[in-house]
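Peer 1: I have a structure I would like to understand better, so I am pasting it below and will then ask my questions one at a time.
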Amino acid sequence: MNDEELIKAALQLKKEEDEELAKLLEKAGFLFVPILLKYILQTEDKMDDTLQIDYEEVWEKVQKFLEKRKKNPPNYLSRSCLEEGRLNQI
Numbered sequence: 000m001n002d003e004e005l006i007k008a009a010l011q012l013k014k015e016e017d018e019e020l021a022k023l024l025e026k027a028g029f030l031f032v033p034i035l036l037k038y039i040l041q042t043e044d045k046m047d048d049t050l051q052i053d054y055e056e057v058w059e060k061v062q063k064f065l066e067k068r069k070k071n072p073p074n075y076l077s078r079s080c081l082e083e084g085r086l087n088q089i
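Residue numbers for the sequence shown follow numbering that gives the first Met the number 0, so the first one is 0 and each next one is one higher.
The following block contains the structure:
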């Protein structure tokens with residue numbers, strides 16, 4: 000499955016989920032379902048945007064961390080050094 004097919008499948012699935020949500024809201028007796036559905040979907044979109052921004056920010060930090068680690072690999076402490084409490088001396 001290529002990227003275009005995946006995107007189409009994801010959009011179709013989202014459409015089906017939105018239709019199912021509308022049916023469930025109507026079945027539960029909610030009034031003004033179209034307006035309620037609009038606000039639910041807007042909230043979902045805002046949450047997705049926020050998560051994407053968070054992911055991108057974290058990814059930048061991970062990349063910087065990995066670059067730093069490549070330049071200065073960590074020192075591995077021996078178990079005996081840790082057991083003897085010499086960690087602060089290193």
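Note that CB positions come from ideal geometry on N, CA and C, so glycine has one too.
Please confirm whether LEU35 and LEU24 have their CB atoms less than 8 Å apart.
Peer 2: Your numbering for residue 35 matches position 36 in the sequence shown. Your numbering for residue 24 matches position 25 in the sequence shown. In contact: LEU35 and LEU24 (Cβ atoms closer than 8 Å).
Peer 1: With respect to the alpha helix (DSSP H) encompassing ALA8, which residues constitute its N-terminal and C-terminal limits?
Peer 2: Residue 8 sits at position 9 when you count from the first residue of the sequence shown. ALA8 -> alpha helix (DSSP H) spans 2-26.
Peer 1: If you reduce the DSSP assignment to three classes, tell me which class LEU30 lands in.
Peer 2: Here residue 30 is taken as the residue at index 31 of the sequence shown, counted from 1. Three-state DSSP puts LEU30 in coil, outside helix and strand.
Peer 1: Suppose you measure from the CA of THR42 to the CA of ALA21; what does that come to, to the nearest Å?
Peer 2: On the sequence shown, position 43 is the one that residue 42 refers to. On the sequence shown, position 22 is the one that residue 21 refers to. In a straight line, the C-alpha of THR42 is about 15 Å away from that of ALA21.
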